[in-house]
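What follows is a set of notes on a single structure, which appears directly below.
In our numbering, the protein residues as written are 4 to 320.
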């Protein structure tokens with residue numbers, strides 16, 4: 004059965020555009036009250052990527068909410084189970100619509116190529132909240148490990164605010180362009196670094212900043228982004244027992260090639276199984292989930308949009 008190129012979910016509060024053929028990605032999340040778009044949009048037309056272990060994420064749309072599984076960073080053959088591509092298999096694949104969708108519900112699934120994993124997600128609109136329920140299943144007769152991170156690239160403007168749980172006072176630096184915040188592994192205080200940099204405030208589009216940080220194990224699975232001009236926020240919520248870590252990507256014109264358009268301007272709040280960028284690293288740290296033959300694992304993430312016109316002081320997790 005042919006799949007529609009675009010599928011629109013909508014209710015009185017939200018309009019959500021999904022592109023099944025482009026990695027099943029959520030391409031648009033709009034508040035119907037304010038008209039505000041919360042997701043980055045693809046800035047140039049891209050030639051469809053041929054699924055491959057050598058595919059580069061930068062050659063894809065690099066926009067909206069995509070899924071990283073079974074890895075985020077590329078892994079070589081030394082990885083248990085073999086090599087895995089940059090940002091995983093599933094952003095490269097067309098996803099099939101499963102069942103009969105309606106205006107507020109959509110189920111999608113795809114089967115990976117680097118691992119015998121079937122990945123499915125069910126999208127539901129409940130008032131001003133988009134809920135995504137995930138399931139990964141091992142189709143093989145052998146145990147298979149994987150790493151997952153949600154990869155939502157949120158649209159931002161200078162002065163917007165990243166809001167993390169009160170428990171977060173420090174993050175571990177994975178990458179900082181030009182070592183602005185230090186070398187990988189450096190402990191970075193939050194929200195203000197020891198250098199006096201206010202990391203929770205979104206910088207200018209051309210600031211040439213790109214940084215990846217991870218929290219320690221979370222007690223509470225909530226975080227958010229406050230859009231200052233509209234006075235409207237987005238809150239991510241998830242079960243910290245299921246997704247115990249959060250990755251934070253701050254990119255203000257620092258990727259993929261500083262000074263060369265098109266440059267990314269986005270914040271990503273990435274619930275994940277491990278504070279590591281690769282499946283190999285997660286395996287070595289004993290943090291990669293392992294599915295027995297035929298076994299499956301489930302989790303969910305909710306994206307809640309607040310009413311517009313609120314003050315930052317009223318935006319709470």
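C-beta atoms are modelled at their ideal positions from N, C-alpha and C, and glycine is treated no differently.
Boundaries (first-last residue) of the alpha helix (DSSP H) holding residue i
i: residue 285; result: 282-287
Classification of residue i by the beta-carbon crowding that lies within 10 angstroms, buried from 16 upward
i: residue 181; result: exposed
i: residue 263; result: exposed
i: residue 309; result: buried
i: residue 69; result: buried
i: residue 129; result: exposed
i: residue 169; result: exposed
i: residue 289; result: exposed
i: residue 102; result: exposed
i: residue 32; result: buried
i: residue 150; result: buried
C-alpha gap between residue i and residue j, whole angstroms
i: residue 261; j: residue 178; result: 15 Å
i: residue 100; j: residue 106; result: 14 Å
i: residue 272; j: residue 42; result: 12 Å
i: residue 175; j: residue 183; result: 14 Å
i: residue 190; j: residue 201; result: 15 Å
i: residue 26; j: residue 14; result: 24 Å
i: residue 320; j: residue 228; result: 10 Å
i: residue 295; j: residue 138; result: 14 Å
Own chain residues within Cβ distance below 6 Å of residue i, not counting five before or after
i: residue 251; result: 216
i: residue 230; result: 163
i: residue 136; result: 125, 303
i: residue 81; result: none
i: residue 242; result: 224
i: residue 245; result: 302
i: residue 114; result: 121
Minimum Cβ-Cβ distance from residue i to chain D less than 8 Å
i: residue 83; result: Protein chain content of the structure displayed is limited to a single chain, and chain D is not contained in it.
Per DSSP, cross-strand counterpart(s) of residue i
i: residue 302; result: 137
i: residue 10; result: 21
Host beta strand (DSSP E) of residue i (start-end)
i: residue 154; result: 152-157
i: residue 108; result: 108-114
i: residue 30; result: 28-34
i: residue 236; result: 235-241
i: residue 269; result: 268-275
i: residue 258; result: From DSSP, residue 258 is part of no beta strand (DSSP E); its letter is neither H nor E.
i: residue 295; result: Careful: residue 295 lies outside any beta strand (DSSP E) and carries neither H nor E.
Own chain residues within Cβ distance below 7 Å of residue i, not counting five before or after
i: residue 117; result: 56, 73, 85, 86, 87, 88, 92
i: residue 78; result: 86, 87, 281, 282, 283
i: residue 232; result: 160
beta-carbon residue i near the ligand NAD non-hydrogen atom, thresh 7 Å
i: residue 283; result: For the structure depicted, the ligand NAD is absent and the ligand set is empty, with no information on it obtainable.
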